[in-house]
Each structure stands twice: as structure tokens, then as C-alpha cells.
Amino acid sequence: MASSIISEKASAPARRTAGLLRDLSVGLKQQMFFWGRDVVSPRGNLLVEQGFEKTRSTGLQGTSCYGMDWQDGRVELHGACAGWYPENGESGFIYIRPLGKCFTWLESQAPIPGQWPEESLAPLGPNELHQACYPFIDWWLHSEQWIEKSLGSAYRADCYRQHKRLPKSKSWLPPITAARWLEQFRKNPMNLERAKRFDV
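To get the working numbering, take the position in the sequence shown, counting from 1, and add 634.
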């Protein structure tokens, strides 16, 4: 399947990228729990408040999708996947929660949640990060800044504690540290420490 990220003969940059993408995937799994808490916040639906449009999923029954225009494309969030898809029909970025991995999305249209054909997915390598992944990271950081400004750092810290208490949960970096890791992932990934060794 296209989910194979590196080969035995992969270059050093490809190996480093693969490791960082594994970290990013773990972080996104945690972050999707946070977005789920944002939807049911006592203040109201925080995704809608940020400008997302809520629609019924055309794929998985009984679920909703959230979409917002961003950097000449569109960010779309769903309980099973999250990504950014450019408006010009070029390749985008997708994280698929059931697979626990990030991919390049090759189709000109955003995916239907639950439908991710093998031929529509490709590995993310060093050369694909800027075009496909970074717009989504930019939005993620922007959104977390909005959350902190609107609700204070205690809100996301509480989300983190709730996630840690879940049975079999695999907690990633705490929110403030996670934002620093993402900023460095965005600016200089080839010199970024793996998440388990990251300490700023």
C-alpha cells in the first residue's frame, strides 16, 4: 500500500522526515481529541466560532465535517481524517486517524471521510512537506493561538489532562510544548529533535 513511507535504501533526509511524520501523526491523534472537545465546549462550538462551516458527512453516517478556506485551499476536519486541500486541484495533505499516518492526497477533490483509495494516497517525503503539509501546520498553529487568546492556556491544558485519563490513550507533547515543536517542524524540520527528545 502507499502507506509505506520509506524504503531500505531511503536517504538520510527521507529517514528523518519519516520519523518526524510519525511524531506528527501521534500529535494529530491527540489533537483530534482536542478538536472534539472544542465542538462541545461550554462556550459553544469553537470550530464554528473560528469560521468553520459545519456540514453533514457524505461518507460516514451520523457524523459531521468542518471546512474553512485557508491559504489558497481548504482545511477540512472530521473525526476520521483531517487535512488541507489546495483549490487548484494539486496534491494536498491528509491525516487518516484509523491508519494513524499522514499522506499526500493525490486527488483534485477533498476526500469523502471513510473513503481513501490506495491510489489516492502517496508517501510524504522531504520535497512534499512545503507544498502539502505546511499550510495545514500553519492553520493548526493559528487555531491554537486563537484558542489560547480566547480561552486562556488553562482550557487546552485541561483537554490534555482529559486525554491522558482516557484508557489506552497515548499522550503526546503538552499543548505549549507541542506548539513549539510544530513551529520548528514548520521552519527547520531537518534540525528538529524527535518529539520524545524535544525540550525547549
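All C-beta atoms in this analysis are idealised placements derived from N, C-alpha and C, irrespective of residue type, glycine included. Because the structure is a prediction, the values reported are computed rather than measured.
Where does residue i fall in DSSP's three states?
| i | result |
| --- | --- |
| residue 778 | helix |
| residue 744 | coil |
| residue 698 | strand |
| residue 678 | coil |
| residue 758 | coil |
| residue 653 | helix |
| residue 711 | strand |
| residue 717 | strand |
| residue 735 | strand |
| residue 705 | coil |
Is it buried or exposed for residue i, if we count other Cβ within 10 angstroms and need 16 for buried?
| i | result |
| --- | --- |
| residue 831 | exposed |
| residue 674 | exposed |
| residue 833 | exposed |
| residue 654 | buried |
| residue 837 | No information on residue 837 is available, as it lies outside the stretch 635 to 834 that the chain covers here. |
| residue 657 | buried |
| residue 717 | buried |
| residue 725 | buried |
| residue 868 | Absent from the model: residue 868. The displayed extent of the chain is 635 to 834, so no value can be given. |
| residue 646 | exposed |
Measuring alpha carbon to alpha carbon, tell me which residue in the options is nearest residue i.
| i | options | result |
| --- | --- | --- |
| residue 752 | 702, 707, 653 and 738 | 738 |
| residue 712 | 669, 779, 682 and 683 | 669 |
| residue 735 | 662, 820 and 743 | 662 |
Considering only the beta carbon of each residue, do residue i and residue j sit closer than 8 Å?
| i | j | result |
| --- | --- | --- |
| residue 709 | residue 667 | no |
| residue 682 | residue 804 | no |
| residue 824 | residue 650 | yes |
query: Contact between the region 728-746 and the region 773-783: three or more CB pairs below 8 Å?
result: no
task: Please confirm if the region 805-819 is in contact with the region 771-778, defined as three or more CB-CB distances below 8 Å between the two stretches.
output: yes
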